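Novice: Be aware that the sequence shown starts at 69, since it is given in our numbering, and climbs by one per residue. Mind having a look at this structure? Questions to follow.
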Amino acid sequence: MKIGTFSVKIWRWFSMLMVFAALVWTYSVFPEQIAVDFAASGLAEIYVNKEHLFYIVMAFFILNNVVLSAFARQIPKIDPSHFPIPKRNIWIQYREELNEHLINWLYTVVASINTIIGLSLLALATINSSQYNLTVFDFAWVSYVGLALMILIFLLPLRLLRTPVPKEEDTY
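What follows is the structure, encoded as structure tokens:
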């Protein structure tokens with residue numbers, strides 16, 4: 069297993085655990101009504117019942133982890149001539165590497181979405197908590213982390229522009 073594949077798998081599993089832990093913890097500390105939208109002044113404008121937020125987050129979590137992961141498992145079964153990738157004719161000859169890149173990319177999408185959901189839940193719990201004196205503006209970094217992860221997701225397929233190098237055979 070390559071280090072990139074191992075890293076993506078670890079990140080994906082860690083992000084799933086983070087979302088699950090954040091969901092359980094935030095559900096226990098949320099008030100009945102959770103502020104989810106804020107005015108420019110920082111005051112809450114829209115509130116959601118905590119059960120509704122729990123079901124919405126669980127739906128995103130299940131869709132993300134089940135549907136995208138199931139699609140990633142189907143990559144080896146798809147004919148590579150149907151993939152919209154550059155230099156398709158060359159990549160067809162290196163099917164294992166192509167599968168690895170595409171599966172890693174889909175798992176990176178899953179891990180990124182999980183990470184954004186987990187960080188958003190923790191930020192939302194802190195903002196709605198009466199223990200901390202933090203405002204919504206103190207968590208602007210979550211949107212920047214989300215933006216950086218989305219840029220990473222869209223840059224990863226650029227690796228497919230570089231085709232694999234043929235392996236040299238031993239002439240002994």
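Positions of the beta carbon are idealized from the N, C-alpha and C atoms, including for glycine. As the structure is a computational prediction, the values presented were derived from the model and not from experiment.
Applying the criterion that 16 or more other CB atoms from any shown protein chain within 10 Å of the CB defines a buried residue, is G186 buried or exposed?
Specialist: The residue given as residue 186 occupies position 118 in the sequence shown. Label assigned to G186: buried.
Novice: Return helix, strand or coil for D147, following the three-state DSSP convention.
Specialist: To locate residue 147, count along the sequence shown from 1; it is residue 79. In this structure, D147 counts as coil in the three-state DSSP scheme.
Novice: With distances taken from CA atoms, which of F207, E168 and V116 is nearest I299?
Specialist: Residue coverage of the chain in this structure runs from 69 to 240, which leaves residue 299 outside it and unanswerable.
Novice: Where do the ends of the alpha helix (DSSP H) carrying Q101 lie?
Specialist: As a first step, residue 101 is located in the sequence shown; it is residue number 33 there, counting from the start. Q101 -> not in any alpha helix (DSSP H); beta strand (DSSP E) instead, spanning Q101 to F106.
Novice: Closer than 6 Å by C-beta to I181: which residues in its own chain qualify, once you throw out the five before and the five after it? Chain order, please.
Specialist: What you label residue 181 is simply residue 113 of the sequence shown in a count that begins at 1. Result list for I181: N132, in chain order.
Novice: Please determine, among R230, L189 and E168, the residue with the shortest C-alpha to C-alpha distance to M126.
Specialist: Residue 126 sits at position 58 when you count from the first residue of the sequence shown. Nearest of R230, L189 and E168 to M126, Cα basis: L189.
Novice: Assign I124 to one of two classes, buried (16 or more other C-beta atoms within 10 Å of its C-beta) or exposed (fewer than that).
Specialist: Taking the sequence shown and counting its residues from 1, one reaches residue 124 at position 56. Flag for I124 reads exposed.
Novice: Rounded to a whole number of angstroms, what is the C-alpha to C-alpha distance between A140 and Y175?
Specialist: Along the sequence shown, read from residue 1 onward, the residue named residue 140 stands at position 72. Along the sequence shown, read from residue 1 onward, the residue named residue 175 stands at position 107. Going from the Cα of A140 to the Cα of Y175 covers about 7 Å.
Novice: Quick one: what does DSSP say I153 is sitting in, helix, strand or coil?
Specialist: Here residue 153 refers to the residue found at position 85 of the sequence shown. Coil at I153, not helix or strand.
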